[in-house]
Every structure is written in structure tokens, then in C-alpha cells.
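Working notes, beginning with the structure itself.
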Amino acid sequence: MAGLLVVVSGPSGVGKGTILNRLLQERGDCTFSISATTRPPRPGEVHGQHYHFLDHDTFTHWVEQGRFLEWNQVHDQFYGTPRDYVAQQRASGQHVLLDVDVQGGLQVMQAEPDHLSVFIAPPDLETLKHRLVSRGTETVEQVQKRLLTARVELRSLEQYRYVVVNHEIKRSVDELNAILTGECLRTERLRQSGKLPRFVETHGESGVG
Ligand code: 5GP
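In terms of my numbering, the numbers along the sequence shown are unbroken and rise by one, the last being 337.
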């Protein structure tokens, strides 16, 4: 059976990256979709592992070639999900996790009706601000911009099928894990993958007595 397409969104600094990484460690049936971006790498980020870091012209070229499942401009930079990798992984049965902004998430939900969507929310805006500032990877101006975007993104929370409020990483990972497990156990999916138990009785096998 094809793997699930799991759209995960939530404001910058909410802990999406950490939660998704832990989930990947816990489940062998998931893979992360590595996005392309025009944003420069942060210290420690590796090309092809955290992102495909592209220059502006290459990104535009990929857009023209239809290589993105979705793409969007986020905080002055471009981000996109390469289509081929997602398709290949799903075809091999892996669930593919997309960490995308809300606009990108909504694009995917429209383009791919068979998706699972999860919004990761902070307990409150103060906590989010504190996490963004203490992460120390953005300037004060960038933090302000991300908080503004967060306010807008949080308004779209109800467009997602599930919401995980990130009070604590372990609990959020457990919740996301439970969402995936539940989705895999849906009757329809079990039927599609030929895993639905069949209890058809043959003549004379009522099993009683
Ligand atoms: P960051 O620069 O902090 O890594 O990511 C900034 C924002 O871009 C995050 O909200 C993240 O979800 C979003 N993002 C990362 N990859 C993609 C992508 O492929 N498509 C879209 N639309 N957003 C992305």
C-alpha cells in the first residue's frame, strides 16, 4: 500500500523539527521530505540533509519544470517540496512527512486529496516568543517577523485534521505517533493494503460448540 502523505505545519519555533526528528527515530516506516530553499544554510545545516540549498535561478528553474509538489515564499525566501522524492517514497510504502508552512500545506491538501494533516501549535504566544528568542538563530527583527507570521498561521489551525499542542516534546511525539497509527488502522486503508482480516465462514464451520 502507498505510504501516507503527512502534512505538518505550525509556526516557526514551535518545535516541529525536533518532534519530526524524534518521530523518525521511533518509526522505521516514515521518511522526511527534504525541501529545497533559497535561504542560506544555518550553522550545522548540511546540503541534501536539512535542505537542498538552491540559488534563486535554480529554484525558479525547478518551479518552471514543475518539480515541486508545492512551493511558497516564506519570510523573504522560497521553499518547495520536490515532487519526485515524495512519490517514490510513498510508492515504496514509506509515510512521507512534510514540514511546510500553512500556504504550502493548503496547496498540498488541495492537490493530493489522500493526505493526513497535523498542525503543531504552541501552548501560547509567549512560549513561542521565548522559544524563538532562546533558539538564537534569528536576529531581533527576524524574530518579530516570525511572530507576526505565527499569528497569521495560527488562524488556519482549524483547516488541519489534527492539532498537537506542544507542551512537551515527548508527549507531542507520542500524540503524532498515535495519529499515524490510528490512520494506518482505518478500515479503508487496511482493505487497500489487503490487511483487513477476513472472517468468512465456509459451509459447516460455524465455530459454535
Ligand atoms: P526555516 O527557515 O526555519 O527552516 O523554515 C521556515 C518555514 O518554512 C517553516 O515554517 C517551514 O515549515 C517552512 N518550510 C520548510 N520547507 C518548506 C517547503 O518545502 N514548503 C513550504 N511551503 N514551506 C516550507
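Glycine included, C-beta positions come from ideal geometry on N, C-alpha and C. Here the structure is a predicted model, which is why all the values come from computation and not from measurement.
Any non-hydrogen atom of the ligand 5GP within 7 Å of Arg167 CB: Residue 167 sits at position 39 when you count from the first residue of the sequence shown. Judged by the Cβ position, Arg167 qualifies as a neighbour of the ligand 5GP at the 7 Å threshold, a heavy atom of the ligand being closer than this.
Beta bridge counterpart(s) of His180 as assigned by DSSP: Walking along the sequence shown from the start, residue 180 turns up at place 52. Under DSSP, His180 shares a beta bridge with Ala164.
First and last residue of the uninterrupted beta strand (DSSP E) at Val246: Here residue 246 is taken as the residue at index 118 of the sequence shown, counted from 1. Unbroken beta strand (DSSP E) run through Val246: Leu244 to Ala249.
Spatial distance of Glu311 from Arg274 (CA atoms): The residue you call residue 311 lines up with position 183 of the sequence shown. The residue you call residue 274 lines up with position 146 of the sequence shown. Spanning the two alpha carbons is a distance of roughly 32 Å.
Three-way DSSP call (helix, strand, coil) for Gln222 in this model: Along the sequence shown, read from residue 1 onward, the residue named residue 222 stands at position 94. The three-state reading of DSSP puts Gln222 in coil, since its state is none of H, G, I, E or B.
CA nearest to the CA of Tyr288, picked from Thr186, Ser163, Glu329 and Ile307: The sequence position of residue 288 within the sequence shown is 160, counting from 1. For the options Thr186, Ser163, Glu329 and Ile307, the alpha carbon positioned closest to that of Tyr288 is the one of Ile307.
Sufficient close CB pairs (3 or more, under 8 Å) joining the stretch 246 to 260 to the stretch 172 to 192: Verdict: no, contact absent.
Other residues of its chain near Lys257: CB distance less than 7 Å, five sequence neighbours each side excluded: Position 129 of the sequence shown holds residue 257. A distance below 7 Å between beta-carbons, with the five flanking residues on each side excluded, links Lys257 to the following residues of its chain, in chain order: Leu275.
Residue burial classification, Ile147 (beta-carbon count within 10 angstroms, cutoff 16): If you number the sequence shown from 1, residue 147 lands on position 19. By the beta-carbon neighbour count (other beta carbons within 10 angstroms, threshold 16), Ile147 is buried.
Backbone CA spacing between Asp157 and Val224 [nearest angstrom]: To locate residue 157, count along the sequence shown from 1; it is residue 29. To locate residue 224, count along the sequence shown from 1; it is residue 96. The alpha-carbon atoms of Asp157 and Val224 are separated by roughly 9 Å.
Proximity below 8 Å, CB of Thr277 to CB of Ser140: Translated into positions along the sequence shown, residue 277 becomes position 149. Translated into positions along the sequence shown, residue 140 becomes position 12. Inclusion of Thr277 and Ser140 in the CB contact set at 8 Å is warranted, their separation being smaller than that value.
Test item: CB-CB of Thr165 and Phe206 under 8 Å: Translated into the one-based positions of the sequence shown, residue 165 becomes position 37. Translated into the one-based positions of the sequence shown, residue 206 becomes position 78. A contact, by the Cβ cut-off of 8 Å.
Distance CB(Val301)-CB(Asp227) smaller than 8 Å: Residue 301 sits at position 173 when you count from the first residue of the sequence shown. Residue 227 sits at position 99 when you count from the first residue of the sequence shown. No, the pair does not count as a contact, with Cβ atoms beyond the cut-off.
Sheet register partners of Thr159 (DSSP bridge): Here residue 159 is taken as the residue at index 31 of the sequence shown, counted from 1. Answer is Val224.
Cβ shell of Gly176 (< 8 Å), same chain only, five flanking positions each side left out: Start at 1 with the first residue of the sequence shown, and residue 176 comes out as number 48. So the qualifying residues of the chain are Ile162.
His203: CB within 7 Å of a non-hydrogen atom of the ligand 5GP: Within the sequence shown, the letter at position 75 stands for residue 203. Checking every heavy atom of the ligand 5GP against the Cβ of His203, one is found closer than 7 Å.
C-alpha distance - Leu182 paired with Pro169, whole-angstrom precision: Residue 182 sits at position 54 when you count from the first residue of the sequence shown. Residue 169 sits at position 41 when you count from the first residue of the sequence shown. Distance between the alpha carbons of Leu182 and Pro169 is about 10 Å.
Euclidean distance between Cα positions of Leu151 and Asn305: Position 23 of the sequence shown, counted from the first residue, corresponds to residue 151. Position 177 of the sequence shown, counted from the first residue, corresponds to residue 305. Distance from the CA of Leu151 to the CA of Asn305, rounded to the nearest whole angstrom, comes to 7 Å.
Cβ neighbour criterion (16 or more within 10 Å) applied to Glu281: In the sequence shown, residue 281 corresponds to position 153, counting from 1. Buried is the label assigned to Glu281, since at least 16 other Cβ atoms lie within 10 Å of its Cβ.
Selected residue, minimal CA-CA separation from Thr209, among Thr309, His180, Arg167 and His184: Here residue 209 is taken as the residue at index 81 of the sequence shown, counted from 1. Measuring from the Cα of Thr209, the nearest candidate turns out to be His180.
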